[in-house]
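>
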Amino acid sequence: MKKNSRLYNALSAWLGQACPWAHKAHLTTCLLMVVALIQSGEVNLTRWVPYLPSRGRYAQSKQRRVQRWLNNARINVHKLYK
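Just so we're aligned, residue 7 is where the sequence shown starts under the working numbering, counting upward by one.
So this is what it looks like as C-alpha coordinates:
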(Lines of atoms letter the chains of each structure in order from A and count residues from 1; the text may use other names and numbers.)
(Lines give C-alpha, C1' and ligand atoms only; values in the text may rest on other atoms or scores of the structure.)
Protein backbone atom coordinates (compact mmCIF):
# COMPACT_ATOMS: atom_id res chain seq x y z
CA MET A 1 0.00 0.00 0.00
CA LYS A 2 1.37 3.38 -0.98
CA LYS A 3 0.93 6.36 1.28
CA ASN A 4 -0.46 8.38 -1.62
CA SER A 5 -3.30 6.03 -2.53
CA ARG A 6 -6.87 7.32 -2.63
CA LEU A 7 -7.89 5.12 0.30
CA TYR A 8 -4.95 6.27 2.42
CA ASN A 9 -5.60 9.95 1.60
CA ALA A 10 -9.33 9.68 2.38
CA LEU A 11 -8.65 7.96 5.70
CA SER A 12 -5.95 10.51 6.50
CA ALA A 13 -8.37 13.39 6.00
CA TRP A 14 -11.00 11.64 8.13
CA LEU A 15 -8.82 10.34 11.00
CA GLY A 16 -6.47 13.30 11.01
CA GLN A 17 -9.22 15.70 12.03
CA ALA A 18 -10.92 13.43 14.58
CA CYS A 19 -8.47 14.05 17.39
CA PRO A 20 -5.06 15.63 17.85
CA TRP A 21 -2.22 13.15 17.42
CA ALA A 22 0.85 13.41 19.64
CA HIS A 23 3.10 12.53 16.72
CA LYS A 24 2.49 12.26 12.98
CA ALA A 25 4.06 8.78 12.95
CA HIS A 26 1.26 7.58 15.25
CA LEU A 27 -1.35 8.69 12.71
CA THR A 28 0.62 7.19 9.81
CA THR A 29 0.90 3.79 11.49
CA CYS A 30 -2.79 3.84 12.40
CA LEU A 31 -3.72 4.67 8.81
CA LEU A 32 -1.52 1.90 7.43
CA MET A 33 -3.11 -0.59 9.83
CA VAL A 34 -6.65 0.44 8.82
CA VAL A 35 -5.77 0.21 5.13
CA ALA A 36 -4.19 -3.23 5.65
CA LEU A 37 -7.29 -4.34 7.56
CA ILE A 38 -9.56 -3.22 4.73
CA GLN A 39 -7.40 -4.73 2.00
CA SER A 40 -6.83 -8.06 3.74
CA GLY A 41 -10.40 -8.33 4.98
CA GLU A 42 -9.14 -9.99 8.16
CA VAL A 43 -8.35 -8.92 11.70
CA ASN A 44 -5.36 -11.28 11.83
CA LEU A 45 -2.15 -9.24 12.10
CA THR A 46 -0.11 -11.74 10.09
CA ARG A 47 -2.53 -11.33 7.17
CA TRP A 48 -1.84 -7.57 7.15
CA VAL A 49 1.90 -7.95 6.56
CA PRO A 50 1.76 -7.95 2.72
CA TYR A 51 -0.19 -4.68 2.84
CA LEU A 52 2.08 -2.84 5.29
CA PRO A 53 4.85 -0.80 3.68
CA SER A 54 8.06 -0.81 5.65
CA ARG A 55 11.77 -0.36 5.23
CA GLY A 56 12.19 -3.61 7.15
CA ARG A 57 13.04 -6.69 5.12
CA TYR A 58 11.25 -9.24 7.24
CA ALA A 59 7.61 -9.74 8.18
CA GLN A 60 8.64 -9.67 11.85
CA SER A 61 9.78 -6.05 11.45
CA LYS A 62 6.33 -5.04 10.26
CA GLN A 63 4.63 -6.99 13.03
CA ARG A 64 6.84 -5.37 15.67
CA ARG A 65 5.95 -1.91 14.33
CA VAL A 66 2.24 -2.61 14.72
CA GLN A 67 2.71 -4.22 18.13
CA ARG A 68 4.69 -1.19 19.35
CA TRP A 69 1.85 1.07 18.20
CA LEU A 70 -0.78 -1.08 19.91
CA ASN A 71 1.19 -1.09 23.17
CA ASN A 72 2.14 2.60 23.09
CA ALA A 73 0.99 4.30 26.29
CA ARG A 74 0.98 7.73 24.59
CA ILE A 75 -1.84 6.71 22.25
CA ASN A 76 -5.23 7.26 23.86
CA VAL A 77 -7.47 4.67 22.24
CA HIS A 78 -10.55 6.00 24.04
CA LYS A 79 -10.22 9.29 22.15
CA LEU A 80 -10.00 7.39 18.87
CA TYR A 81 -13.32 5.66 19.47
CA LYS A 82 -15.22 8.86 20.27
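For glycine and all other residues, C-beta sits at the position ideal for the given N, C-alpha and C.
Assign residue 85 to buried or exposed, taking buried as 16 or more other Cβ atoms, counted over all protein chains shown, within 10 Å of its Cβ.
exposed
> So what's residue 74 in DSSP terms, helix, strand or just coil?
helix
> By Cβ distance, which residues of its chain are closer than 6 Å to residue 13, with the 5 residues on each side in sequence left out?
41
> Going by DSSP in three states, residue 28 sits in which element: helix, strand or coil?
In this structure, residue 28 counts as coil in the three-state DSSP scheme.
> Inspect the CB distances between the stretch 74 to 84 and the stretch 54 to 63 and report whether three or more fall short of 8 Å.
no
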